[in-house]
Each structure stands twice: as structure tokens, then as C-alpha cells.
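*Asks:* One structure, as C-alpha cells, below. Some questions next.
There are 2 protein chains.
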Amino acid sequence: MEERGSQDDRMGDRAAKDALFDGLAEVAKALASGRRAEIVDLLAQGERSVEEIATEIAQSVANTSHHLRALVRGGLLDSRRDGTRIFYALANDSVAALWAAVRTIAADRVAGLDKLAAAYLGQRDGVDVVSRDELAARINSGGVIVLDVRPSAEYAAGHISGARSVPIAELRRHLASLPGDVEVVAYCRGPYCVYADDAVRELRSKGFTARRLDDGYPEWKRAGLPTALGA
Amino acid sequence: MEERGSQDDRMGDRAAKDALFDGLAEVAKALASGRRAEIVDLLAQGERSVEEIATEIAQSVANTSHHLRALVRGGLLDSRRDGTRIFYALANDSVAALWAAVRTIAADRVAGLDKLAAAYLGQRDGVDVVSRDELAARINSGGVIVLDVRPSAEYAAGHISGARSVPIAELRRHLASLPGDVEVVAYCRGPYCVYADDAVRELRSKGFTARRLDDGYPEWKRAGLPTALGA
DNA sequence: CATCTTGTCAAGTAATCACTTAAATACTTG
DNA sequence: CAAGTATTTAAGTGATTACTTGACAAGATG
Numbered sequence: 006m007e008e009r010g011s012q013d014d015r016m017g018d019r020a021a022k023d024a025l026f027d028g029l030a031e032v033a034k035a036l037a038s039g040r041r042a043e044i045v046d047l048l049a050q051g052e053r054s055v056e057e058i059a060t061e062i063a064q065s066v067a068n069t070s071h072h073l074r075a076l077v078r079g080g081l082l083d084s085r086r087d088g089t090r091i092f093y094a095l096a097n098d099s100v101a102a103l104w105a106a107v108r109t110i111a112a113d114r115v116a117g118l119d120k121l122a123a124a125y126l127g128q129r130d131g132v133d134v135v136s137r138d139e140l141a142a143r144i145n146s147g148g149v150i151v152l153d154v155r156p157s158a159e160y161a162a163g164h165i166s167g168a169r170s171v172p173i174a175e176l177r178r179h180l181a182s183l184p185g186d187v188e189v190v191a192y193c194r195g196p197y198c199v200y201a202d203d204a205v206r207e208l209r210s211k212g213f214t215a216r217r218l219d220d221g222y223p224e225w226k227r228a229g230l231p232t233a234l235g236a
Numbered sequence: 006m007e008e009r010g011s012q013d014d015r016m017g018d019r020a021a022k023d024a025l026f027d028g029l030a031e032v033a034k035a036l037a038s039g040r041r042a043e044i045v046d047l048l049a050q051g052e053r054s055v056e057e058i059a060t061e062i063a064q065s066v067a068n069t070s071h072h073l074r075a076l077v078r079g080g081l082l083d084s085r086r087d088g089t090r091i092f093y094a095l096a097n098d099s100v101a102a103l104w105a106a107v108r109t110i111a112a113d114r115v116a117g118l119d120k121l122a123a124a125y126l127g128q129r130d131g132v133d134v135v136s137r138d139e140l141a142a143r144i145n146s147g148g149v150i151v152l153d154v155r156p157s158a159e160y161a162a163g164h165i166s167g168a169r170s171v172p173i174a175e176l177r178r179h180l181a182s183l184p185g186d187v188e189v190v191a192y193c194r195g196p197y198c199v200y201a202d203d204a205v206r207e208l209r210s211k212g213f214t215a216r217r218l219d220d221g222y223p224e225w226k227r228a229g230l231p232t233a234l235g236a
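Protein chains in written order, with my numbering: chain A, 6 to 236; chain B, 6 to 236.
Below, the structure written as C-alpha cells:
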């Protein structure tokens, strides 16, 4: 049995401090798994049922349910029941801020993340980006076509004002209806969503001038830029 | 057999996506331990050597070194050598933002965190708080005494402009020199630092009007409010 | 009510993590 | 270069975590 120094006594109980910081770390623990990070990234688009989430992250429903519980315990998610389904959503805006901070730090400072991103998103050499602010200005001044290449349900739940819904799977079908002399900007779920990169590569290979928004719809909305609802 | 959109492609994507999000989750993993959270909270005050950190979190130097490596790997810390010592510091401002987001979510939404905080900091019922902005205004208009109750080395490394250094251990000695008719505001390392709470309780028990700043020096500095250096 | 759908819980296994002690490095100073 | 200090690495152990399969619980619907 070791005796605590007088310094520790003045600082309060060591065990209590440890417990408090363990409690604070619970929040980080909730995000400390690639699968749970995928869930948060997905739910930044809007609420989803357990089954939808399980499909999206390619895990069993039981395992997904387990992860969701961990995220709720960490305070990152809320759930609500609607009929036989339970829908999960981000608890509030500070969760989106937390996820954004994690992404920023990872992109700036985690060794090898650029390679992992390239492996998933494809070579980004040919994919130029537009910032939110630049795109907002271009939309106002005209002369740009904005494509929302997410699944159409996500477009319906909220999209950039003036954007056209062209899910990536249907892009080929819409190529003919795009004017060839206007720049196209594609966007999707966020900086680590593959749809916009794929769309830009496809468009460029067909002779269009195309770039991607450097992040996605959630960031656009969070920045207070104009959005619209419905089909 | 090169079919686009075949199952093989999707499975390849899946592995790459998992790897990418595992990489993003590395950042959260770095914070996902109470001891590492304590380290980040401490380093928000400024850089520290391994030994100082080990003492502060009450762990062996070897174990602390291990935790520090994990934090560096997650991109949260940088280190520099000075003579025989190695000093660690937060890598940049987004790490402070990350830690602030974690604290906000934990305080708002983690069940039982209020009890853990009370157990460490003591009952906060009698400890009223002042916001940063209110304190900044009060300092400008005069009529308030600001006490920095952190160890004097931390005061020297940076403090709120106009604050007086009164380490908590020396508070009793300074009581006589404080005017009884002016409000006293104490601050320390942050919302989960115990010094300011202890100081306010001590001052109030001696008849002073006293409150604590609701967060601490790092948040003050991050908000761009006036600071000063040196003794 | 019985039955269906959706989601959660339980038990088990392999992998990872936190911490310990002991030894090895990296640098400074004599 | 040798000695000394500060920090990292290695090896080992008990605890925790992620995921699997199979069973169970809560509502919705006929």
C-alpha cells in the first residue's frame, strides 16, 4: 500500500481524477474504431436505421447494434423509434465539429493517411478541388453546374441550393444533357467520399471541365451556406 | 474479365475504405484513454518534459513514454529535444479544438460525468463562475482582482493580462494582502482543474466575494484575449 | 391473439491494450 | 572517450475490445 504524496492530497484524490478523465476519454473511445468512424461520417448526412447503417459499413446487424450502443454511451448519437425501425442520428452540432477536428488532424499529421486516401478514392492527381467559398461565389455569378452525386434519398433530405441530383450510378445516362462549355462541380458526402472523385474522373474522360467540392454537403450546411430540401 | 462494378471491385473498395477510416480513427484512439486525455489537458498549458508529465499523471516514466508515443502517432503531439530532456507539446491549434469538442460533448451528454467532476473538484454548488467575456469586460472596467492559482512556472509561461500569481499552496499567506471589498476571480488550467475551485471555496470561507473563470488559461489565450508573459 | 420484423443481448474467441520490470539508446558533460 | 542523466524499447501478464453465431425482446400487423 503506497502512500500518496502531500501534493496529491492537495490536488484532490488521484482516483477521482483518473475516473473523471476516463469519463472524458469515453467520448474519444466512442470514435476510436474505424467502423464507428464510418458510422459517424455516414450519419453526418442525416439519420439512418440500424439496418441501413449495417449495410453501409458492411457489418452484421448485431455488431452494428453493438457499435451504435457504444456511440450512444459516448454521447455522440441519439436514437428514435419509428414503427418497427430505430433511427440513429448525430446528437448535436458539436459532434460534427468533433468529427471535423479528427479529420483535419488526421489529414495534416497522421503518417500515411494520404496513401490510404489515395487507395480508396483513387489517384487524386487529376481531380482538382473547389473550396466552399469559391463555389458559393460561382453559384451566385452563374456559369457553373453543380451535381449532387449522392444517392437520391440523400439529395431529397437536403442538398446545395441549385444542385442537380445525379447519383453516380446514373451519371453516364445524364452526360448527354450536360452542356460541354460550362464547368461542372460534383460533390457528395464529404472529403472521404468516393462518389465525387469518381464523377470528376468520368466527366473529365468525356471531355468536360470538372472539379469536386473539397468537402461535402454536411460541411456546406454547417457553414451556413444556402441549402434546399426535396426532389 | 474486366467488369466494372463487379463484386471484386466492391470488395477491394471495402478493404480500402476500412483502412482509410481505421486511419482516421487513429486520431480518436490516441485520445481514447484517461491517462492520455490527462496528458493533452496538461500540455494545453504548454510543453513539458517526459518526467514532468509522468509525475503529473502519476504513472511510471516508461508507461508515460508509451502513451506519448501513441499521442505522437495519432498526430496530437510534437516533441523537441533540449539538452538531455525531451519536451512534448500539442502539435497545433486543431488539437486544442479537438480536446475542447471532446470536453463539451462529455459535459453535455455523457451520463454521470457531472458526478465524476463533483467527486474530483468537490461540490460546485458554492462556486459561481464568470465567463471569459464577462471577465474581460470586468478587467477593462476595473474593480476585480484576478488570481492565477496555477504553479508559478505556468504563470511565468503565460497568464491573463493583469492577473496576480498566487499558487493555491500559497493562497493562505496572501489572504491578508487582498482587499475585502473587491471581487476576486480565480482561474487555473481549465474547466476540470481543481485549483480554482479550491481557491474560491477558501476565499469564500474567509468572507471574500469570489468566483472562478468557467474555463482556464488555454481557452482564454485561444479566444485571443489579452495575455502576458513572465513573472 | 399469433406472427412478423427489427433490433438487442449473451457467450465465446482472437486480437489489442495498459501497465510492469529490466535492459538498451541517445545525448550531455567531465 | 567514460560516466551520467533522460528517455525509449522489450518482454510479459492480466484486462478489454471487436466480431461471430444464436437466442431473445419489443412493437407492428393481420
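Note that CB positions come from ideal geometry on N, CA and C, so glycine has one too.
1. Taking A105 (chain B) as part of the alpha helix (DSSP H), name the residues at either end of that continuous run.
2. Quick check: what's the CA-CA separation for A191 (chain A) versus A158 (chain A)?
3. With V66 (chain B) and A75 (chain B) assumed to form a contact (beta carbons below 8 Å), what rounded beta-carbon distance in angstroms separates them?
4. CB-CB under 7 Å to F92 (chain B), same chain, minus the five flanking residues each way: which ones, in chain order?
5. Only counting the same chain, and skipping five residues up and downstream in sequence, which positions put a Cβ closer than 6 Å to that of D153 (chain A)?
6. Please report whether the beta-carbon of F213 (chain B) lies at a distance below 8 Å from any beta-carbon of chain A.
7. Please decide whether V32 (chain A) counts as near chain B, where near means a Cβ-Cβ distance under 8 Å.
8. Which of the three DSSP states is assigned to L126 (chain B) in this structure?
9. Determine, for L140 (chain B), whether the minimum Cβ-Cβ distance to residues of chain A falls below 8 Å.
10. Which of the three DSSP states, helix, strand or coil, is assigned to E188 (chain A)?
11. Quick one: does Y125 (chain B) have its CB under 8 Å from some CB of chain A?
12. So which residues of chain A does D113 (chain B) contact, with C-beta pairs closer than 9 Å?
13. According to DSSP, R217 (chain A) sits in a beta bridge with which residue or residues?
14. How would you label L234 (chain B), buried or exposed, when you count the other beta carbons within 10 angstroms and need 16 or more for buried?
15. State the start and end residues of the unbroken beta strand (DSSP E) segment that holds I62 (chain B).
16. So, are the CB atoms of R19 (chain A) and A63 (chain B) less than 8 Å apart?
17. Can a CB atom of chain B be found closer than 8 Å to the CB of T109 (chain A)?
18. I want to know whether the stretch 25 to 43 of chain B touches the stretch 103 to 120 of chain A - three or more CB-CB distances under 8 Å.
19. Would you list the residues sitting across from W93 (chain A) in a DSSP beta bridge?
20. Roughly how many angstroms lie between the CA atoms of P231 (chain A) and V134 (chain B), to the nearest whole one?
21. Compute the beta-carbon to beta-carbon distance between V149 (chain A) and R143 (chain A), rounded to the nearest angstrom, for a pair I have assumed lies under 8 Å.
22. Just list the residues that DSSP pairs D153 (chain A) with in beta bridges.
23. What residues from the stretch 192 to 209 of chain B come within 7 Å of chain A, judged by C-beta to C-beta, listed N to C?
24. Can you tell me which of the three DSSP states A233 (chain A) falls into?
25. Which same chain residues end up closer than 7 Å to A49 (chain B) when comparing Cβ atoms and leaving out the 5 residues on each side of it in sequence?
*Replies:* So, from the listed chains and residues:
1. It spans 98 to 114 - the alpha helix (DSSP H) in which A105 (chain B) sits, taken as one unbroken run.
2. Taking the CA atoms as reference points, A191 (chain A) sits about 17 Å from A158 (chain A).
3. The Cβ separation is near 15 Å, so there is no contact.
4. If we look at F92 (chain B) and ignore the five residues flanking it on each side, its Cβ neighbours are E52, R53, S54, S84, R85.
5. Answer for D153 (chain A): Y160, H164, A168, S170, listed in chain order.
6. Residue-level contact check: F213 (chain B) does not touch chain A, since none of the beta carbons of chain A fall below 8 Å from its beta carbon.
7. Yes, its Cβ sits closer than 8 Å to a Cβ of chain B.
8. In the structure shown, the three-state DSSP call for L126 (chain B) is helix.
9. Interface with chain A (8 Å Cβ-Cβ cutoff): L140 (chain B) is excluded.
10. In this structure, E188 (chain A) counts as strand in the three-state DSSP scheme.
11. Output row for Y125 (chain B): interface = yes.
12. What D113 (chain B) touches in chain A: G80, A96, N97, S99.
13. DSSP lists A:V134, A:A191 as the bridge partner or partners of R217 (chain A).
14. By the beta-carbon neighbour count (other beta carbons within 10 angstroms, threshold 16), L234 (chain B) is exposed.
15. For I62 (chain B), no beta strand (DSSP E) segment is defined; the enclosing uninterrupted segment is the alpha helix (DSSP H) at 55 to 62.
16. Result yes, Cβ atoms of R19 (chain A) and A63 (chain B) sit closer than 8 Å.
17. With 8 Å as the cut-off, T109 (chain A) counts as an interface residue toward chain B.
18. Judged by Cβ distances under 8 Å, the stretch 25 to 43 of chain B makes contact with the stretch 103 to 120 of chain A, as three or more pairs qualify.
19. It is Tyr, not Trp, that sits at residue 93 (chain A) in the sequence shown. According to DSSP, Y93 (chain A) bridges with A:R53, A:S84.
20. Going from the Cα of P231 (chain A) to the Cα of V134 (chain B) covers about 38 Å.
21. For a cut-off of 8 Å, the C-beta gap from V149 (chain A) to R143 (chain A) is around 4 Å, short enough to register as a contact.
22. A:S170, A:Y192, per the DSSP bridge assignment.
23. Under the 7 Å Cβ criterion, the stretch 192 to 209 of chain B contributes Y197, V199.
24. Three-state DSSP puts A233 (chain A) in a strand.
25. If we look at A49 (chain B) and ignore the five residues flanking it on each side, its Cβ neighbours are L95, A101, W104, G195, P223.
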